[in-house]
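Count the sequence shown with numbering that gives the first Met the number 0 and you get residues 0 to 295, in order.
Data block below; observations after.
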Amino acid sequence: MTLRHLEIFLAVAETGSMRKAAEQLYISQPTVSGTIREMEEEYDVLLFERLNQRLFITPEGRQLTIYARELLSLFHEMEYTLRHSSDHAILRIGATLTVGTCVLPEILRQLEEEKHIPTSVQVENTRTIVQRLAEGALDIGFVEGEVHHPDLVVLPVMADSLTAVCAHAAPPMTLAELCQTYPLLMREKGSGTREMTDRILAEKGISCDIRWECSNTQTLLQAAESGLGVTIISRLLAADALAAGRLFEIPLTDCELRRSFRLVWHKNKFQGDSFLAFCHLCRQYAAACHQEIVKG
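Written out as structure tokens, the structure reads:
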């Protein structure tokens with residue numbers, strides 16, 4: 000088996016079609032079908048079921064996709080490192096919205112200006128960052144959501160808390176009372192903030208009226224300022240509006256919405272100088288904010 004066999008197999012597995020895989024790889028369909036047949040004959044295993052002119056991946060095929068992604072990711076990383084060995088390789092960072100807005104800019108300023116390490120950044124929700132780390136499309140992630148992927152290492156670094164905010168002062172209340180009194184302006188599914196909020200609501204058996212679902216935190220804050228409902232959001236993101244009196248916190252009497260920001264990377268990731276420098280600056284920033292979780 001060669002890397003080309005794996006590339007073709009993975010294209011078929013991901014597209015669900017030999018024709019689409021051929022188009023994606025700019026090769027002929029007979030080449031694709033012949034490659035899959037060679038692999039099945041070589042290892043005496045069925046990778047795809049052919050039923051009613053459709054392909055269905057077998058359990059053995061699904062297992063192979065895990066190995067194929069990992070091997071191809073390591074190969075591409077090796078190629079990239081060798082081709083750019085004379086330069087500073089760009090550190091590919093994934094960050095969630097709260098981290099990208101409130102924490103990352105100062106860390107990246109130090110990384111680029113003081114350490115002279117170039118970076119590229121993708122700001123997405125936790126689910127997307129985790130997927131791209133697992134695929135090898137990112138070197139390291141800095142996220143606020145829970146991560147349970149078996150191929151990723153998770154290191155909590157910095158504490159954070161969520162708060163409920165609205166356009167006017169309100170007395171302390173329980174989370175259930177909050178949901179009975181106000182419509183909610185929520186982050187989209189897949190974000191760390193939404194995951195935590197949904198989990199606590201489910202644990203307490205609370206139903207709520209979700210009026211907005213949005214991936215833009217500034218949009219949610221502006222909607223809350225306009226009196227359209229309550230948003231539950233990182234206190235870091237709401238700090239300016241709270242200080243200016245545009246928003247007011249609603250103290251919750253029955254729960255504390257605490258979480259941590261986490262560094263995440265693939266378990267097979269090579270930890271070069273750029274990688275280690277970024278991790279050090281993240282810890283340094285957390286310590287300066289007196290919110291550090293991990294020492295050393």
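Don't be surprised by glycine CBs; every beta carbon is placed ideally from N, CA and C.
Between the CA atoms of residue j and residue i - distance to the nearest angstrom
| i | j | result |
| --- | --- | --- |
| G60 | V44 | 9 Å |
| K114 | I92 | 16 Å |
| V31 | E187 | 38 Å |
| Y66 | I56 | 15 Å |
| T80 | V120 | 19 Å |
| M185 | I205 | 15 Å |
| C254 | L174 | 7 Å |
| V11 | R18 | 8 Å |
| E76 | K266 | 14 Å |
| R198 | L256 | 11 Å |
| Q221 | Q179 | 22 Å |
| L5 | L73 | 13 Å |
| T100 | R82 | 33 Å |
| I249 | P104 | 29 Å |
| W211 | A242 | 24 Å |
| L227 | R131 | 35 Å |
| H279 | L235 | 21 Å |
| S27 | S190 | 40 Å |
Minimum C-alpha distance to residue i - residue among the options
| i | options | result |
| --- | --- | --- |
| V299 | E212, R36, Y284 | The structure shown does not extend to residue 299, since the chain is modelled only from 0 through 295, so no value can be given for it. |
| L63 | E112, F8, P29, S119 | F8 |
| A166 | A158, A287, T173, L183 | L183 |
| F260 | V153, T252, G189, L246 | V153 |
| T196 | G144, G135, F47, E48 | G144 |
| F247 | F269, I35, L50, P170 | P170 |
| W264 | A168, L137, G228, G244 | L137 |
| R245 | E40, A237, R3 | A237 |
| M38 | L2, G189, C278 | L2 |
| Y42 | M0, L70, S225 | M0 |
| E69 | L161, P149, Q23, S190 | P149 |
Beta-carbon separation (whole angstroms), residue i vs residue j, contact threshold 8 Å
| i | j | result |
| --- | --- | --- |
| I231 | A163 | 5 Å |
| V142 | T95 | 5 Å |
| L90 | T118 | 5 Å |
| L262 | I139 | 6 Å |
| T97 | S233 | 4 Å |
| C110 | A276 | At residue 110 the sequence reads Leu, which differs from the Cys that was named. Right, their Cβ atoms sit about 6 Å apart. |
| V122 | L151 | Incorrect: roughly 18 Å between the Cβ atoms, too far for contact. |
Neighbour-count burial assignment, residue i, 16 or more Cβ in a 10 Å radius
| i | result |
| --- | --- |
| G124 | The sequence shown places Asn at residue 124, not Gly. By the 10 Å Cβ count, N124 comes out buried. |
| H147 | exposed |
| V102 | buried |
| D159 | buried |
| S85 | Residue placement at S85 is poorly supported in this model, since its pLDDT is 47, which falls under 50; the coordinates are not used for a value here. |
| A133 | buried |
| G15 | exposed |
| A240 | buried |
| E194 | buried |
| F274 | buried |
| R299 | A question about residue 299 goes unanswered here, because the residues of the chain that appear run from 0 up to 295. |
| G33 | exposed |
| G271 | exposed |
| G135 | buried |
| Y181 | buried |
| L50 | exposed |
| R282 | buried |
| A201 | exposed |
| R258 | buried |
The beta strand (DSSP E) enclosing residue i, as first and last residue numbers
| i | result |
| --- | --- |
| E48 | 47-50 |
| D197 | Where D197 is concerned, there is no enclosing beta strand (DSSP E), although the alpha helix (DSSP H) it sits in stretches over 191-203. |
| S259 | 257-265 |
| L154 | 151-165 |
| L177 | Premise fails: L177 lies in the alpha helix (DSSP H), 174-180, not in any beta strand (DSSP E). |
| R186 | 183-186 |
| F141 | 139-142 |
Start and end residues, alpha helix (DSSP H) containing residue i
| i | result |
| --- | --- |
| V129 | 125-133 |
| C101 | 96-101 |
| L5 | 2-14 |
| S72 | 58-82 |
| I35 | 28-42 |
| Q121 | That residue, Q121, is in no alpha helix (DSSP H); its beta strand (DSSP E) goes 118-122. |
| E212 | Per DSSP, E212 belongs to no alpha helix (DSSP H); it is in the beta strand (DSSP E), 209-213. |
| F277 | 272-287 |
| R234 | 234-242 |
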